Amino acid sequence: MENPLSSKRFFHTHNGIAVDTNDAYMSTRLPHHFYRIVGSGSVNTDNKPQMVTLNLDGQFGNATAKRLQEYFDTAGKDGVISHQYKQTFNQNIYAAQFDSSLTGSNVVKALQRFLGIEQDGLFGQATIKALQKHLGTTQDGMISSVSDSVKELQRALNWNKI
1 MENPLSSKRF
11 FHTHNGIAVD
21 TNDAYMSTRL
31 PHHFYRIVGS
41 GSVNTDNKPQ
51 MVTLNLDGQF
61 GNATAKRLQE
71 YFDTAGKDGV
81 ISHQYKQTFN
91 QNIYAAQFDS
101 SLTGSNVVKA
111 LQRFLGIEQD
121 GLFGQATIKA
131 LQKHLGTTQD
141 GMISSVSDSV
151 KELQRALNWN
161 KI
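Quick note: the sequence shown, position 155, residue 155 per UniProt numbering, numbers continuous.
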């Protein structure tokens, strides 16, 4: 009868080194661990770190903003889209910090650069429409409280591919 510990389904390890189950250390009462390989995995080949999976809730909150900041590797990965000018079409970007400075945000500038549009850093109608077009959703230039565009953005961010 074949020893199940010596089969190819298990590796016997000691301090992280695979050893034969017949090694003499077994009688020393040192801790030992058994691991089973359950299947093959995939490798992240795009050199972007794996992030926490976003809920596909369609709300542009801090988690979505933070993932966007991580995706574009912008400074201040705090989940806040800073210095936005509040209007009806962007008022449902819950991660936005609204003020009247018109300074804009680094992550919005990075998104605008990616979309090939003017880079003012403000999440305006042109940016929203360009994003909607890129994501293949209705191009109405508005972010609603629960938005199909934001759901698609969240889905794309989960795959690390906008």
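The beta carbon of each residue, even a glycine, is placed where N, CA and C say it ideally should be. All figures in this text were calculated on a predicted structure; none of them were measured in a lab.
Next item on the list: Would you decide whether V43 is buried or exposed? Buried here means 16 or more other CB atoms lie within 10 Å of its CB.
Entry: Residue placement at V43 cannot be trusted, given a pLDDT of 49 that sits under 50; what the coordinates show is reported in the next sentence. Result: exposed.
Notebook entry, point to check: Can the beta-carbon of residue 165 be found less than 8 angstroms from the beta-carbon of N92?
Noted result: Residue 165 is absent from the model: the chain starts at 1 and stops at 162.
Note to self: Which residue wins for smallest C-alpha separation from G58, given the options M142, E152, S100, T127?
What the structure shows: E152
Next item on the list: Taking only beta-carbon positions, decide if T103 is within less than 8 angstroms of chain B.
Entry: Looking at the structure shown, chain B is missing, and only one protein chain is on hand.
Note to self: On a Cα-Cα basis, can you pick out the residue from L111, Q139, A130, A126 that is closest to A65?
What the structure shows: If we check each option's Cα against that of A65, L111 comes out closest.
Checklist line | Distance CB(L131)-CB(R67) smaller than 8 angstroms | finding: no
Note to self: Quick check: the Cα distance between V52 and T74, rounded to an integer number of angstroms?
What the structure shows: 17 angstroms
Checklist line | Those runs of the beta strand (DSSP E) which lie wholly inside the region 59-142 and span at least 3 residues | finding: 81-84, 96-98
Next item on the list: Give the DSSP-derived three-state secondary structure of L157 in the structure shown.
Entry: helix
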